[in-house]
Each structure stands twice: as structure tokens, then as C-alpha cells.
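**Student:** Quick mapping for you: the protein sequence lines, in order, are chains L and F. Counted the way the working numbering counts, the first sequence spans residues 19 to 317. Counted the way the working numbering counts, the second sequence spans residues 12 to 488. All C-beta atoms in this analysis are idealised placements derived from N, C-alpha and C, irrespective of residue type, glycine included.
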Amino acid sequence: MTTTTFETERAYGARRTIGQAIPYILLCLSVLPILLGYAWIIIATFSYRTEGLKPVDAQGNFGGFTLQNWSFLNDPAVWNAALNSFLIAVSMVIGVGFVSSLTGYALSRMNFRGRKGFLGTTMILHAFKPEMLLIAIFQVLLFIGGLPLLGDWIGFNTVGGVALVMITLELPLGVWLMKGFFDNLSWDMERAALIDGASRFRVWWEIIIPQIKPGLAALAIFTFITGWNAYLVPFTFTIGAKAANLPVLLNQFSGDTSLASWNAVAALGMFQLIPIIIFFIFTQEMLLNIYSGGSKGGT
Amino acid sequence: MSSTSQTATTALPSETSKMSGNIIAVAGAVAALVGFFLPWVGFIKNGALVASLSGVRVGASPVVELAGGNVLYRGSPAAYLVPIVAVIVIGLSLYAIFMRQQVAEGDGFVKIGLSLITLLVLWGQFARAQGVAERMGVELQLQYGLIMVLLALTAMIVAGVLDIRVAMAGNPAFRNVLNALSFMSPATFMVTIFFFIPVVLLLALSLTDLASSNFSDPWTFIGLENYRRMFSDRFFPRILANTIFYVVVTLGVFNVGMALVLALLTNHIPRRASFIFRLLWLLPRITPSVIYIVMWQRFVQVPPHGIINQFLGWFGVEHQPYWLNETPWLFVILVNGLVGASFGMIIFTSAIEAIPKDMITAAKVDGASAWQIIRDITMPMLRWPLLFVTSYQTLSLLVSFEYIMLLTNGGPGLYTTEVWALTSYKRALGTYFGSNQWGYGAAWGFVLVTIGAILSIVYLRVFRFDDLVQEPKIDVL
Numbered sequence: 019m020t021t022t023t024f025e026t027e028r029a030y031g032a033r034r035t036i037g038q039a040i041p042y043i044l045l046c047l048s049v050l051p052i053l054l055g056y057a058w059i060i061i062a063t064f065s066y067r068t069e070g071l072k073p074v075d076a077q078g079n080f081g082g083f084t085l086q087n088w089s090f091l092n093d094p095a096v097w098n099a100a101l102n103s104f105l106i107a108v109s110m111v112i113g114v115g116f117v118s119s120l121t122g123y124a125l126s127r128m129n130f131r132g133r134k135g136f137l138g139t140t141m142i143l144h145a146f147k148p149e150m151l152l153i154a155i156f157q158v159l160l161f162i163g164g165l166p167l168l169g170d171w172i173g174f175n176t177v178g179g180v181a182l183v184m185i186t187l188e189l190p191l192g193v194w195l196m197k198g199f200f201d202n203l204s205w206d207m208e209r210a211a212l213i214d215g216a217s218r219f220r221v222w223w224e225i226i227i228p229q230i231k232p233g234l235a236a237l238a239i240f241t242f243i244t245g246w247n248a249y250l251v252p253f254t255f256t257i258g259a260k261a262a263n264l265p266v267l268l269n270q271f272s273g274d275t276s277l278a279s280w281n282a283v284a285a286l287g288m289f290q291l292i293p294i295i296i297f298f299i300f301t302q303e304m305l306l307n308i309y310s311g312g313s314k315g316g317t
Numbered sequence: 012m013s014s015t016s017q018t019a020t021t022a023l024p025s026e027t028s029k030m031s032g033n034i035i036a037v038a039g040a041v042a043a044l045v046g047f048f049l050p051w052v053g054f055i056k057n058g059a060l061v062a063s064l065s066g067v068r069v070g071a072s073p074v075v076e077l078a079g080g081n082v083l084y085r086g087s088p089a090a091y092l093v094p095i096v097a098v099i100v101i102g103l104s105l106y107a108i109f110m111r112q113q114v115a116e117g118d119g120f121v122k123i124g125l126s127l128i129t130l131l132v133l134w135g136q137f138a139r140a141q142g143v144a145e146r147m148g149v150e151l152q153l154q155y156g157l158i159m160v161l162l163a164l165t166a167m168i169v170a171g172v173l174d175i176r177v178a179m180a181g182n183p184a185f186r187n188v189l190n191a192l193s194f195m196s197p198a199t200f201m202v203t204i205f206f207f208i209p210v211v212l213l214l215a216l217s218l219t220d221l222a223s224s225n226f227s228d229p230w231t232f233i234g235l236e237n238y239r240r241m242f243s244d245r246f247f248p249r250i251l252a253n254t255i256f257y258v259v260v261t262l263g264v265f266n267v268g269m270a271l272v273l274a275l276l277t278n279h280i281p282r283r284a285s286f287i288f289r290l291l292w293l294l295p296r297i298t299p300s301v302i303y304i305v306m307w308q309r310f311v312q313v314p315p316h317g318i319i320n321q322f323l324g325w326f327g328v329e330h331q332p333y334w335l336n337e338t339p340w341l342f343v344i345l346v347n348g349l350v351g352a353s354f355g356m357i358i359f360t361s362a363i364e365a366i367p368k369d370m371i372t373a374a375k376v377d378g379a380s381a382w383q384i385i386r387d388i389t390m391p392m393l394r395w396p397l398l399f400v401t402s403y404q405t406l407s408l409l410v411s412f413e414y415i416m417l418l419t420n421g422g423p424g425l426y427t428t429e430v431w432a433l434t435s436y437k438r439a440l441g442t443y444f445g446s447n448q449w450g451y452g453a454a455w456g457f458v459l460v461t462i463g464a465i466l467s468i469v470y471l472r473v474f475r476f477d478d479l480v481q482e483p484k485i486d487v488l
């Protein structure tokens, strides 16, 4: 019989602890940049200046905590941009929710010629990335902007135009999600209502919509965050401050501000992050579900 | 008309409304015809017709001048559209009246659709048409013409509605289709305006030399000149190489590689802890891009602002540069990769959780090490998720440029980190060079759109999404 060396209990324990610690260490490293980034935003918001992550006062000593970075709250331009951001986000919540639940219902529940084609198109558009179409959408918006009446509301350089483009770009995802929610719904009540002679629209509004409120809520959170964060589309389709939203304003502000006084930039960023952080804290479970199961990937 | 006289004795309500629909269509057609050519009378008076017929190019082409080019802005592509649409509307309504025995399901839609398109084009061009008409001295004719056209179009829409009602009354299946269409129409309308029309428009733009310098002129088609210019651009090889490098490295290291490692790691720690990490991983994704980039800008700055350099200072490293200029690619890839990795990680994690626990328990009982379990059980089970994430993220990386634009805008220096999508955007919509070259930018963009469209269709086939599609639950009661 060969001699086998057994490691001592203590050595085994140590090896186990290290083995268990390795995943945590690696995972912590992977989230380090974003945590540091947030740490800087929070520290910088409330301090006179920062050196690295260290808050300093005018003399370069540790300290210098202040609220003066929030003086932008007196600036009407910021509130205008915040209002625009909010309008874009809310119209996205309403627009995407309404249109996708209409379309998703038809795709899930109705049999009509061309249904396969519509579904295929939805899926292709879902995988397709529309960023490159912005060049052509620019021309479309210019055209709409030249129309009497309509142009003032949904043309180029209007909040309505930006919102409309963003709603449409989000539709393939929304329709796909809503169709999934409808597919998982029992259809007994709906069938009873139809047999009793209710119209399709009434069934949709009075019986189906109340049943998918959780799904609609998830979609609403997702689209609100998308709309609130939107940078590329508002940046492309607005000029000046009239229809600019917070991210566009922030980007311009950070470009105009010298590096030393980026604390005001951080404060403006913090201001913009408030709704995001609220959603992050209170709807974690839902957020994870949206970004994993249904969405199959925003970007 | 013979069928009408035959059934006249047993005139059904639907039959009469079909008739009235068609009478209105005739009226509409005639009115559109008159309305369209009324301004032309004034045009002859001004001698412009003679000029155009004798080959002197007054506008874009004599044909356009003849067919109402003076109503519309001369030479604009829309000017070609209106006469064509008008001819189709007129022809179609004539066809519907004299050739059809019955109202077909599509009749109403064709009438309404064409009327709306004509209306939209007219609406868009009205201000310009007014200017032209003033110069030509045909304002009055333009007004008459416009009223006629509007009346005609209204009549056509009414006719279309009547057609649809007739078709609906006799055909329950058609009513179902109509029901579905009314549910589908908002999305269809919006997607047409902001997806399909832009795709066609992008192709058209890429064949013109439209730029801010000649914006008010009509579009000039220059064939494939933009594409030739693109491929012979001095920086083309560099941009192509950048794009491939960016996509391959970001995909390999982060979006797939790191995502896989993290998914395997989170699988080896308790659920509660892994939930927290997955949540933290969402942060880059839901942080507004501008703020995310502001954070990274602070990381890379020179002392005393930079966070990386602060850390280096603690360890006594003397070399403290502006890191974005030192290693631009590292940060471009990190910034994108940390956002992209969470997508793969979430997909892989759920795929790993779906692996039957029995298999892993059995392997553990047989004495397999953690590494062996990963290699022989987990990885083979992840084949499809891996393929899915790889293909999906390839496309998404190929056309995404928002973070690069915010971080380096293609710099430092000339085209160091410039990728294809960014070039397209900057050429078309960036004002850095002092001019927007929509045509040239569109050529760059259209190549990516083509690749994107082909890839998305291929994914659809490869991943058999059609098989996942459920049949509708309620079709016929």
C-alpha cells in the first residue's frame, strides 16, 4: 500500500477559504470602476474641488464640503432641460406602452393574413440596430418640420419630434415584450367576453390591459429610463437649448467647464441620476427581469 | 356596368353604396385631373412651356414641368411623386369603376393610401409652390388647383371608406383582418415613417451629393461616386482596421469572455451575493451615457484630477500621463466592454442555472473538479447562448458609436479610435468639418445598414425564432 499524505484540517480550511474568496475578489474587481465612478460623483457633488477621490478646499487641504455646486438649480435653462427630459421620458412611457400593447395583442391573439410577416419584421427590427438611420431620419424630421401646423410640434428641433423618433425606435422591443406577456395570459375571460358580443377593442381595454399591469409597469420603467437617459437622438435632432434635454445640456456643460471645477458638472449629473437611483433602489428585481428575460438586450 | 344593370332589379343596400362610392371616385378623379393641370394653363401663358419643350432646361426636366412641376417646387424629388401618384389614383379609380364586377377588399385601402400620400406631399411642398407660383404669376391658378386637388382627395377618401364598408358587410373574414389592422396600424405607421422610409432614403441619399453647402438645391444624383470616394479615402484602411479591432477585441474580451467568466463565478457563490453583483452590473447600463463618460474622464485625467493617477501616486509610480492619450484603445474598449458584458453575463447566468442540478451532482459524486465540471458539462450546454450573444453583440458593436463619440470622438489625433459607424455619423451630421455631407455620410451608413439587415435575417433563421412563435390563441370562436 502506498503512503498517502493527508493535509491537515487547518490547511484544508485555509485552502477552502481562499478558494471561496477568489470569486468574490474577481467580482469586486469587475464592479470597481463603476463603483469608483459613483463614488467620485457623490464626493464631488458636495465638495469644493476633488483631487482624485479626495475632496479638497481652495488651499488643497482635505475638506471643503459645500452645497454651492447646486447653484445651477437657479438656472432656468436647467429646469427647461429637465422638463424636456421628463416630457421625452413620459411620452415614451405612454407611447411605447400604448402602441406596443395594441400591436402585441393583435400579434398574440388574432389570426389575420400577414401575421407571420408582421412577426418576422418585428423580430428582424428587434435585432437590427437603427443608429445609422439617424442620417435619413434627420431628413424626415426636416420634412415634417416644414409642414404647416404639424411641424411646430413634431418636426426637427422639437421635443415632440425627438419623442416620436425615440418611441418608434423602441417599438420593436416593446411589441416583442408585450406579445410575450399576452402569450402567457389565460384567454378564458376574453373568450367569454367575445362570445357575449364585446368588441375586440373593448375586450383589449377592459379585460386584457388590467391583467398585464405588471408587464406594462416593467415596460414603463424600462422606457422611462431609456427616455430619461437619451443622448444620441436628442443631440442629433435638436439645436441650442430650446428642445435640449438634460444629457445634452450636461455634455455641453462639461465641455465648457474647466477640469478643476467639474464639481458643478458632478452635481448636475447627480441631479439627473436621481430618478435612476430611485428606480435602482426600489425596483431592482423588476429591473433585472427586464434586462435579462424579456429584453434580450437593449444595446 | 353590365353587372350593375343586371342586378338593378334586386338592388341590395351594399350594391347602392358601392355605386355611390364609385361615383364619388369618378368625381374625385376628374377633379384631381382638372386641379392638377389648371396651373399649367397659366404656365403656357408665361412661355415657360415652350422653353421646356424646346429642350431648354428650366427646371429639373421637361417632363416635370409638363406634369405640374410649377405647382410644386421644381426639381425636388417630390415633384416627380405627385404626378405619378395622381396618375395612379386616377387610373385606379377608373379601373375600379369600369373593370371591377365587385368591390375587392383592397380597393378602399389603395384609394385612401394614395390620397393620403398625395396630400402629404402637397402639404410639404405648399410653401415652395407658392413662391414658384408668385414668380410665374399663377397664384390664382395655384389656389384653384389646390382646392380642386383637396376636394378630389377628400372624395377619394370617402370613396375608399365606402368601399371598405361594402367589403366588410359581405365578408366576416375581412372584418377580422380589418380589426387586426386597426390594432396594428399605429405601430405600422410609425415604423414605416421612422424605419422603412429612412432605409430607402438612406440609399437615395448615398447616391446624391447633398451637403449643407448645396442644401437648398435639388438633389443631384451622382451614382456611386460617394462609394468610390469612400473606398479610396486615405483613412479607409485605418477605419476598417479600427472597426474590426474594436469589434473583435471588445466582443472577445468583454462581451463574451468576461461575461462568461463572471457568469461562472456568480454561479459559485451564494444566490443572495450573486444577486447583488448582477445588480451592480446593471449600473453601467442604466447610467446615462454622458455621466458614465464623465466618470471615465475623471479616471484618466492628469494629476491632480485623475483617479487612476491618484492610485498610482499611492504606489509611488512616477509615470502619470493623461491616460486617454496614452492608451486610447484600452479605455474605448473598457468603457464599451463594461456596459456590454452585463448582457452576456445575464444570459449566461440564466443558461447555467437552467442546467439540471442532477448532472452536476452526479459529476461531483464521481469526483470531478470544478474545472472539469465547467469544461465538460457547463460549456457544452452553453453553446447556443454563446452563439446568440456573439452574433447579437457583433451587430450591436458594429453600429454603436455613442460612447466612443463621447469619450474620444475618434481621437486622439487623426482617426486613432475612429470606427466605421462614427465616421458615418460625423460626416453626415457632425459639424466639426464645418459642413454636413449627408450624401457621403449616408454611403458609409448604408453599408452598415445592409450588413445589419443581412445579419438580423440570418440570426432569425439560425436561431429559429419562427419556431418560438406561438399560434394565436383566439382566432375563431
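1. Hey, would you say F/LEU440 sits closer than 9 Å to L/THR256, going by beta carbons?
2. Let's test the definition: count the other Cβ atoms within 10 Å of the Cβ of L/LEU195 and tell me whether it reaches 16, buried, or not, exposed.
3. Do L/ALA107 and L/THR241 come within 9 Å of each other at the CB atom, strictly closer than that value?
4. Measure the CB-CB distance between F/PRO396 and F/PHE354 and report whether it falls below 9 Å.
5. Rounded to whole angstroms, how far is the Cβ of F/LEU127 from the Cβ of F/TYR257, which I believe are closer than 8 Å?
6. Could you check what DSSP says for F/THR10 in three-state terms: helix, strand or coil?
7. May I ask you to list the residues that DSSP assigns as paired with L/VAL74?
8. Does the beta-carbon distance from F/MET201 to F/LEU189 come in below 9 Å?
9. Alpha carbon to alpha carbon, how far is F/VAL301 from L/LYS197? Give it in angstroms, no decimals.
10. For L/PHE156 and chain F, any beta-carbon pair shorter than 9 Å?
11. Shorter than 9 Å from the beta carbon of F/ILE204 to some beta carbon of chain L?
12. How is F/PHE412 classed by DSSP in three states: helix, strand or coil?
13. Please list the segments of the alpha helix (DSSP H) lying wholly inside the region 350–412 of chain F, counting only runs of 4 or more residues, in order along the chain.
14. Taking Cβ-Cβ distances shorter than 7 Å, what residues in chain L pair up with F/TRP292?
15. Using only the alpha-carbon positions, how far apart do F/TRP455 and F/LEU417 sit?
16. Please determine, among F/VAL350, F/SER196, F/VAL410 and F/GLY117, the residue with the shortest C-alpha to C-alpha distance to L/PRO148.
17. Would you say F/LEU187 faces chain L, with C-beta separation under 9 Å as the test?
18. Less than 9 Å separating the beta-carbons of F/LEU471 and L/MET141?
19. Determine the direct distance from the alpha carbon of L/VAL221 to that of F/VAL182, and round the result to whole angstroms.
20. Identify the contact partners of F/ASN190 in chain L, using a Cβ-Cβ distance below 9 Å as the criterion.
21. Take F/ILE10 as the anchor and find which of L/LEU159, L/GLY245, L/LEU234 and L/VAL266 has the nearest alpha-carbon.
22. Here's the rule: buried if 16 or more other CB atoms are within 10 angstroms of the residue's CB, otherwise exposed. What is L/LYS134?
23. Would you check if the distance between the CB atom of F/THR434 and the CB atom of F/PHE342 is smaller than 9 Å?
24. What would DSSP say about F/GLU76, mapped onto helix, strand or coil?
25. According to DSSP, what are the bridge partners of F/PHE232?
26. Tell me whether the beta-carbon of L/ILE52 lies closer than 9 Å to the beta-carbon of L/ALA284.
27. In chain L, which residues lie less than 7 Å from F/MET195 when you measure between Cβ atoms?
28. Pick out whichever of F/GLY421, F/TYR451, F/LEU406 and F/PHE286 has its Cα sitting closest to the Cα of F/LEU235.
29. Output the residue ranges of the alpha helix (DSSP H) runs that lie fully inside the region 275–311 of chain L and measure 4 residues or longer, sorted by chain position.
30. Under the three-state reduction of DSSP, which class applies to F/ASN347: helix, strand or coil?
31. Give me the chain L residues within the contact set of F/PHE242, using Cβ-Cβ distance strictly less than 9 Å, ordered along the chain.
32. Does any residue of chain L bring its CB to less than 9 Å from the CB of F/VAL177?
33. I'd like to know if the region 285–292 of chain F and the region 370–378 of chain F are in contact, where contact means that at least 3 CB-CB pairs between them fall below 8 Å.
34. Could you work out which residues of chain F lie near L/LYS260, taking near to mean beta carbons separated by less than 9 Å?
35. Check L/SER209 in the structure and name its three-state DSSP category.
36. Would you check if the distance between the CB atom of L/ALA62 and the CB atom of L/VAL266 is smaller than 9 Å?
**Tutor:** Answer, in terms of the structure:
1. Against the second sequence, residue 440 of chain F aligns to sequence position 429. Against the first sequence, residue 256 of chain L aligns to sequence position 238. The answer is no: Cβ separation not under 9 Å.
2. The sequence position of residue 195 of chain L within the first sequence is 177, counting from 1. Classification of L/LEU195: buried, given that the 10 Å Cβ count is 16 or more.
3. For this step, residue 241 of chain L is matched to residue 223 along the first sequence. For this step, residue 107 of chain L is matched to residue 89 along the first sequence. For L/THR241 and L/ALA107, yes; Cβs fall inside 9 Å.
4. Working through the second sequence from its first residue, we reach residue 396 of chain F at position 385. Working through the second sequence from its first residue, we reach residue 354 of chain F at position 343. For F/PRO396 and F/PHE354, no; Cβs fall outside 9 Å.
5. Locating residue 127 of chain F in the second sequence gives position 116, where the first residue counts as 1. Locating residue 257 of chain F in the second sequence gives position 246, where the first residue counts as 1. F/LEU127 to F/TYR257, Cβ: 44 Å. No contact.
6. Beyond the ends of chain F as shown, which are 12 and 488, falls residue 10 of chain F; an answer cannot be given.
7. In the first sequence, residue 74 of chain L corresponds to position 56, counting from 1. Answer is L/ARG67 and L/PHE80, bridged to L/VAL74.
8. Within the second sequence, numbered from 1, the residue matching residue 201 of chain F stands at position 190. Within the second sequence, numbered from 1, the residue matching residue 189 of chain F stands at position 178. It is not a contact, given that the beta carbons lie outside the stated cut-off.
9. As a first step, residue 197 of chain L is located in the first sequence; it is residue number 179 there, counting from the start. As a first step, residue 301 of chain F is located in the second sequence; it is residue number 290 there, counting from the start. Going by the C-alpha atoms only, they are around 32 Å apart.
10. For the purposes of this step, residue 156 of chain L is taken as the residue at position 138 of the first sequence. Chain F, which has a Cβ nearer than 9 Å to the Cβ of L/PHE156, makes this yes.
11. Here residue 204 of chain F refers to the residue found at position 193 when the second sequence is read from its first residue. Residue-level contact by beta carbon holds for F/ILE204 and chain L, with a gap shorter than 9 Å.
12. Within the second sequence, residue 412 of chain F is the residue found at index 401, counting from 1. Three-state DSSP puts F/PHE412 in coil, outside helix and strand.
13. 368–376, 381–384 and 394–410
14. Counted from its first residue, the second sequence places residue 292 of chain F at position 281. Chain L residues near F/TRP292: VAL49.
15. Working through the second sequence from its first residue, we reach residue 455 of chain F at position 444. Working through the second sequence from its first residue, we reach residue 417 of chain F at position 406. If you take the alpha carbons of F/TRP455 and F/LEU417, they lie about 20 Å apart.
16. Here the question's residue 148 of chain L lines up with position 130 in the first sequence. When each option's Cα is compared against that of L/PRO148, the closest is F/VAL410.
17. Reading the second sequence from its first residue, position 176 is the one you call residue 187 of chain F. Here residue 187 of chain F is Asn; the residue named in the question, Leu, does not match the sequence. Cβ-Cβ to chain L under 9 Å: yes for F/ASN187.
18. By 1-based counting over the second sequence, the position of residue 471 of chain F is 460. By 1-based counting over the first sequence, the position of residue 141 of chain L is 123. Yes, they are a contact pair.
19. Locating residue 182 of chain F in the second sequence gives position 171, where the first residue counts as 1. Locating residue 221 of chain L in the first sequence gives position 203, where the first residue counts as 1. The sequence given here has Asn at residue 182 of chain F, not Val. Distance between the alpha carbons of F/ASN182 and L/VAL221: 22 Å.
20. For the purposes of this step, residue 190 of chain F is identified with residue 179 of the second sequence, where counting begins at 1. Neighbours of F/ASN190 on chain L, chain order: ALA124, MET128, PHE130, SER217, ARG218 and PHE219.
21. Nothing in the structure corresponds to residue 10 of chain F, since chain F is present only between 12 and 488.
22. As a working mapping, residue 134 of chain L is identified with position 116 in the first sequence. By the neighbour-count rule (16 or more Cβ atoms within 10 Å), L/LYS134 is not buried but exposed.
23. Position 423 of the second sequence, counting from 1, holds the residue named residue 434 of chain F. Position 331 of the second sequence, counting from 1, holds the residue named residue 342 of chain F. It is not a contact, given that the beta carbons lie outside the stated cut-off.
24. Position 65 of the second sequence, counting from 1, holds the residue named residue 76 of chain F. At F/GLU76 the pLDDT is 43, less than 50, meaning the model places this residue with poor confidence; the figure from the coordinates comes in the next sentence. In this structure, F/GLU76 counts as helix in the three-state DSSP scheme.
25. Translated into the one-based positions of the second sequence, residue 232 of chain F becomes position 221. DSSP lists F/THR219 as partners of F/PHE232.
26. For this step, residue 52 of chain L is matched to residue 34 along the first sequence. For this step, residue 284 of chain L is matched to residue 266 along the first sequence. No.
27. In the second sequence, residue 195 of chain F corresponds to position 184, counting from 1. Simply THR121, ALA124 and PHE136.
28. For this step, residue 235 of chain F is matched to residue 224 along the second sequence. If we check each option's Cα against that of F/LEU235, F/TYR451 comes out closest.
29. With a minimum length of 4 residues, the continuous alpha helix (DSSP H) runs that stay inside the region 275–311 of chain L are 281–300 and 302–307.
30. In the second sequence, counting from the first residue as 1, residue 347 of chain F sits at position 336. It is helical.
31. Within the second sequence, the letter at position 231 stands for residue 242 of chain F. Listed along the chain, the chain L residues whose CB falls inside 9 Å of the CB of F/PHE242 amount to none; the nearest CB is some 18 Å away.
32. Against the second sequence, residue 177 of chain F aligns to sequence position 166. No, because no Cβ of chain L sits closer than 9 Å to the Cβ of F/VAL177.
33. no
34. Against the first sequence, residue 260 of chain L aligns to sequence position 242. The contacting residues do not exist; L/LYS260 stays about 17 Å from chain F at best.
35. Position 191 of the first sequence, counted from the start, is the residue given in the question as residue 209 of chain L. Checking the displayed sequence, the identity of residue 209 of chain L turns out to be Arg instead of Ser. Three-state DSSP puts L/ARG209 in a helix.
36. Along the first sequence, one-based indexing puts residue 62 of chain L at 44. Along the first sequence, one-based indexing puts residue 266 of chain L at 248. Taking 9 Å as the cut-off, the Cβ atoms of L/ALA62 and L/VAL266 do not count as close.
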